[in-house]
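Have a look at the structure below, then the notes.
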Amino acid sequence: MTVRVRFLAHLKTLFGVKEKDVELVEPALLEDLLKLLCDTPERRREIFLTDGSLNPQVIIMKGGTNALSLQGLETPLGDGDAVAILPFLIGG
Amino acid sequence: MKDRVEFGPKERERYRRQDAVLGPGGQERLKAATVFVAGAGGLASAVLPYLAAAGVGTIRVYDQDVVRIDNLNRQLLYSELDEGKPKAPLAGLRIRNLNPHLRIEAVQGRIEPAHARDLLRGCDAAVDALDNFETRFVLNEAAVGLRIPLVHGAVLELSGQVMTVIPGKTACLKCVFPPLPARSGFPILGATCGVIGSVQAGEVIKLLAGLETPEAGRLLFWDGRRGSWDELELRRNPTCPVCGGKAGGAGAERGSGI
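So the sequences go chain by chain: A and B.
Counting in our numbering, the final residue of the first sequence is number 92, and the numbers go up one at a time with none missing.
Counting in our numbering, the final residue of the second sequence is number 1258, and the numbers go up one at a time with none missing.
Listed below in structure tokens is the structure:
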């Protein structure tokens, strides 16, 4: 199956692309996708904390819904799903 | 909104260049409106002057902080002479000087859950120009409960985002953003606040004037390093504790709305 991933802001530079289609073997979870994407130490540090949980400084959206409101890293992915990865901006 | 408004000759002339943009009755709707601006920092340094210059009749600005020297790279409402003074009354003074035909209500204080609805009651729109999500969620809950549109903005370094919340129709802040502890001293370029605050002001003016706001329900994302905008479609969270994915959500009451 194929999942479309979009990167926003500085994450485009870190992942070297604005968006990409990623092939995954079913059944796949969000964690499988993120581990596949995070193929360098810099990328892993941006997305995961050292205990393997999601870094709260990034937001992962699946189809317009924050993954934390779904099943977090255990969120199942399906063919054609859209995932967006963006930094959590807080200032004002 | 108030029922009837009148303009003096100077006011008519003042707004002449935007008549065609706002459409028939648009300027009247702006003058009759009340807008709550939460925060008087970097984003508000763009939001407040543009709302005032556009002729929003009543602007209620609320901020708890005093001016610090390291605010001045982005908070253009203040100068070094203002160090240590409360921001809200100063911001009120600046925009009153910019447009004397408005009613300005400027208060130094913190937006607390216990009184947030009282602060927003009677407003036609609210602006999130805050610097932390703890207070943003308080503002969001009050705005959703009163059915008042809320225009959110946030910035970091060269990036920024805008999201317009229409209670009962679009996702609210709590649908989209998880809790995150407050963080002070975040890196920020002043011009980023100018970009995002200006978009927020434009959104509010469109809402008040009755123009279309097709971007409501989307997250607009400014990437200042690349000079590009992205947008994300947002879905309401059916289990959201604030809007519950249904009109108004728990504790909704009828506000002035739009």
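Glycine included, every Cβ here is placed at the ideal spot set by N, Cα and C.
All of these numbers come straight from a predicted model, not from anything done at the bench.
ask   = Are the Cβ atoms of A1209 (chain B) and R1029 (chain B) separated by less than 8 Å?
value = Reading the second sequence from its first residue, position 209 is the one you call residue 1209 (chain B). Reading the second sequence from its first residue, position 29 is the one you call residue 1029 (chain B). Contact flag set, yes.
Could you tell me whether the Cβ of M1 (chain A) comes closer than 8 Å to any Cβ of chain B? As a first step, residue 1 (chain A) must be located in the first sequence, where it is residue number 1. No, because no Cβ of chain B sits closer than 8 Å to the Cβ of M1 (chain A).
Between I90 (chain A) and chain B, is any beta-carbon pair separated by less than 8 Å? As a position in the first sequence, residue 90 (chain A) is number 90, starting the count at 1. Output row for I90 (chain A): interface = yes.
When you compare each of B:G1026, B:R1017, B:R1014 to V1005 (chain B) by their alpha carbons, which one comes out closest? Along the second sequence, one-based indexing puts residue 1005 (chain B) at 5. When only C-alpha atoms are compared, the closest one is B:G1026.
- Cβ neighbour criterion (16 or more within 10 Å) applied to F15 (chain A): Locating residue 15 (chain A) in the first sequence gives position 15, counting from the first residue. Result: buried.
Q) V1176 (chain B) versus chain E: which residues are under 7 Å apart at the beta carbon? A) The chain inventory of the structure shown lacks chain E, comprising the protein chains A and B.
**Q.** Burial state of K12 (chain A) (16 or more Cβ within 10 Å)
**A.** Locating residue 12 (chain A) in the first sequence gives position 12, counting from the first residue. Answer is buried; the Cβ neighbour count reaches 16.
Can you list the residues of chain A that F1133 (chain B) reaches, using a CB-CB cut of under 7 Å?
Mapped onto the second sequence, residue 1133 (chain B) falls at position 133. I90, listed in chain order.
Original post:
Tell me which same chain residues have a C-beta within less than 7 Å of the C-beta of S53 (chain A), skipping the five on either side of it?
Top reply: Numbered from its first residue, the first sequence carries residue 53 (chain A) at position 53. Excluding residues within five positions, none has a Cβ falling inside 7 Å.
Point to revise | Inter-residue spacing [alpha-carbon to alpha-carbon] between A1191 (chain B) and K1206 (chain B) | key: Within the second sequence, the letter at position 191 stands for residue 1191 (chain B). Within the second sequence, the letter at position 206 stands for residue 1206 (chain B). Spanning the two alpha carbons is a distance of roughly 23 Å.
Less than 8 Å between the CB atoms is what I'm expecting for K1085 (chain B) and V1061 (chain B), so what's the real figure, rounded?
-> On the second sequence, position 85 is the one that residue 1085 (chain B) refers to. On the second sequence, position 61 is the one that residue 1061 (chain B) refers to. With 8 Å as the limit, K1085 (chain B) and V1061 (chain B) do not qualify as a contact, their Cβ atoms being about 15 Å apart.
Out of curiosity, what's the CA-to-CA distance linking R1014 (chain B) and A1054 (chain B)?
In the second sequence, counting from the first residue as 1, residue 1014 (chain B) sits at position 14. In the second sequence, counting from the first residue as 1, residue 1054 (chain B) sits at position 54. Going by the C-alpha atoms only, they are around 9 Å apart.
- Message: So for K20 (chain A), helix, strand or coil by DSSP?
- Response: Translated into the one-based positions of the first sequence, residue 20 (chain A) becomes position 20. Correct three-state label for K20 (chain A): strand.
| said: What ranges does the alpha helix (DSSP H) occupy inside the segment 1085-1146 of chain B, keeping only unbroken runs of at least 4 residues that lie completely in it? | reply: 1087-1098, 1116-1120, 1133-1146
*Compute the beta-carbon to beta-carbon distance between C1172 (chain B) and V1242 (chain B), rounded to the nearest angstrom, for a pair I have assumed lies under 8 Å.*
On the second sequence, residue 1172 (chain B) is found 172 positions in, with the first residue counted as 1. On the second sequence, residue 1242 (chain B) is found 242 positions in, with the first residue counted as 1. Yes, they are in contact, since the Cβ atoms of C1172 (chain B) and V1242 (chain B) sit about 5 Å apart, within 8 Å.
### Query
From which residue to which residue does the beta strand (DSSP E) around A1191 (chain B) run?
The residue given as residue 1191 (chain B) occupies position 191 in the second sequence. Taken as a continuous stretch (DSSP letters only), A1191 (chain B) belongs to no beta strand (DSSP E), being part of the alpha helix (DSSP H) at 1190-1209.
Practice prompt. Specify whether the segment 1150-1170 of chain B and the segment 1115-1133 of chain B touch according to this definition: at least 3 beta carbon pairs, one from each stretch, less than 8 Å apart.
Written response: yes
(message) 8 Å is my cut-off, CB to CB: does G1153 (chain B) come that close to chain A?
(response) Residue mapping note: residue 1153 (chain B) aligns to position 153 of the second sequence, counting from 1. Yes, contact with chain A.
| message | Closer than 8 Å is the cut-off here; do at least three beta carbon pairs connect the segment 1033-1053 of chain B with the segment 1095-1102 of chain B? | response | yes
I'd like the span of the alpha helix (DSSP H) that includes T13 (chain A), first residue to last. The residue labelled residue 13 (chain A) in the question sits at position 13 within the first sequence. T13 (chain A) -> alpha helix (DSSP H) spans 10-15.
Is the separation between the beta-carbon of I1104 (chain B) and that of C1123 (chain B) shorter than 8 Å? Stepping through the second sequence from its first residue, residue 1104 (chain B) is reached at position 104. Stepping through the second sequence from its first residue, residue 1123 (chain B) is reached at position 123. Contact: no.
Next on the checklist: What does the alpha-carbon distance come out to for the pair L37 (chain A) and C1193 (chain B)?
Outcome noted: As a working mapping, residue 37 (chain A) is identified with position 37 in the first sequence. As a working mapping, residue 1193 (chain B) is identified with position 193 in the second sequence. Computed Cα separation, rounded: 31 Å.
task = Kindly provide the ranges of any alpha helix (DSSP H) runs that are 4 or more residues long and lie completely inside the segment 38-82 of chain A, ordered along the chain.
result = 41-47
Please report the Cβ distance between I47 (chain A) and L29 (chain A), rounded to the nearest whole angstrom; I am assuming they are in contact, meaning their Cβ atoms lie under 8 Å. Translated into the one-based positions of the first sequence, residue 47 (chain A) becomes position 47. Translated into the one-based positions of the first sequence, residue 29 (chain A) becomes position 29. No, I47 (chain A) and L29 (chain A) are not in contact; Cβ-Cβ is about 14 Å, not under 8 Å.
Notebook entry, point to check: Taking C-beta to C-beta, are L1120 (chain B) and F1177 (chain B) nearer than 8 Å?
Noted result: Numbered from its first residue, the second sequence carries residue 1120 (chain B) at position 120. Numbered from its first residue, the second sequence carries residue 1177 (chain B) at position 177. Their beta carbons are not under 8 Å apart, which means L1120 (chain B) does not touch F1177 (chain B) by this criterion.
Taking a cut of 7 Å between CB atoms, which residues from the segment 1120-1148 of chain B lie near chain A? A1129, L1130, D1131, N1132, F1133
At 8 Å on the CB atoms, spell out the chain A contacts of G1041 (chain B), in chain order.
As a working mapping, residue 1041 (chain B) is identified with position 41 in the second sequence. In chain order: G92.
- Cα separation between A1216 (chain B) and E42 (chain A)? Within the second sequence, residue 1216 (chain B) is the residue found at index 216, counting from 1. Within the first sequence, residue 42 (chain A) is the residue found at index 42, counting from 1. Approximately 34 Å, taken between the alpha carbons.
| CB-CB under 6 Å to I60 (chain A), same chain, minus the five flanking residues each way: which ones, in chain order? | Counting from one through the first sequence, the residue named residue 60 (chain A) turns up at place 60. Only A67, I85 meet the Cβ criterion.
I'd like to know whether the C-beta of P41 (chain A) is nearer than 8 Å to at least one C-beta of chain B.
As a position in the first sequence, residue 41 (chain A) is number 41, starting the count at 1. Taking Cβ atoms only, chain B never reaches closer than 8 Å to P41 (chain A), which makes this a no.
Handout entry: G1160 (chain B) (DSSP reduced to helix, strand or coil)
Key = By 1-based counting over the second sequence, the position of residue 1160 (chain B) is 160. In this structure, G1160 (chain B) counts as strand in the three-state DSSP scheme.
Fill in: Neighbour-count burial assignment, S1079 (chain B), 16 or more Cβ in a 10 Å radius
The count along the second sequence starts at 1 and reaches residue 1079 (chain B) at position 79. That one is exposed.
Do you know offhand how far S1198 (chain B)'s Cα is from D1082 (chain B)'s? The residue you call residue 1198 (chain B) lines up with position 198 of the second sequence. The residue you call residue 1082 (chain B) lines up with position 82 of the second sequence. Rounded to whole angstroms, S1198 (chain B) to D1082 (chain B) spans 24 Å at the Cα level.
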